[in-house]
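Residue numbers (this note's numbering): 19 to 148.
Where a beta carbon is used, it is the ideal one built from N, C-alpha and C, also for glycine.
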């Protein structure tokens with residue numbers, strides 16, 4: 019693929035930006051005004067700005083579409099990419115009555131134990147209604 023790109027474009031495939039550089043550009047785009055973003059897409063005379071990298075044009079286009087339709091998809095996605103997805107810690111009390119009838123259940127997987135427990139509940143419910 020690299021050779022193909024070089025043959026077509028005459029340019030060697032080599033990254034020009036680090037991961038940190040990408041994050042900085044994304045943060046810049048997210049903090050910019052629509053007027054600033056427009057300058058990346060179009061020149062002052064209204065013609066397309068052919069010097070802006072395609073990935074920047076894609077991000078700006080997605081931001082503009084979100085603004086137009088009142089969505090936050092792009093901002094949410096970019097925030098997750100730059101800052102990491104937020105985590106939500108769940109705390110709960112678990113009360114479990116364990117009876118094993120002398121059976122060793124340690125060989126079962128979590129899913130199998132859940133199925134086993136579900137079957138026991140069904141059996142108990144059925145015994146209580148007869």
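{"Asked": "Which residue marks the beginning of the alpha helix (DSSP H) containing residue 30, and which one marks its end?", "Found": "Run containing residue 30: none; DSSP gives neither H nor E here."}
{"Asked": "Can you name the start and end residues of the alpha helix (DSSP H) that residue 54 belongs to?", "Found": "52-59"}
{"Asked": "I'd like the list of long-range same chain contacts for residue 77, defined as Cβ closer than 8 Å, with 5 residues on each side in sequence excluded.", "Found": "44, 47, 92 and 96"}
{"Asked": "Between which residues of its own chain and residue 39 is the CB-CB distance below 8 Å, once the five residues before and five after are set aside?", "Found": "none"}
{"Asked": "Going by DSSP, which residues form a beta bridge with residue 66?", "Found": "60"}
{"Asked": "State the start and end residues of the unbroken alpha helix (DSSP H) segment that holds residue 96.", "Found": "91-101"}
{"Asked": "Buried or exposed, going by whether 16 or more other CB atoms sit within 10 Å of the CB of residue 123?", "Found": "exposed"}
{"Asked": "Give me, in chain order, the residues of the same chain whose beta-carbon lies closer than 8 Å to that of residue 23; leave out the 5 immediate sequence neighbours on both sides.", "Found": "29 and 31"}
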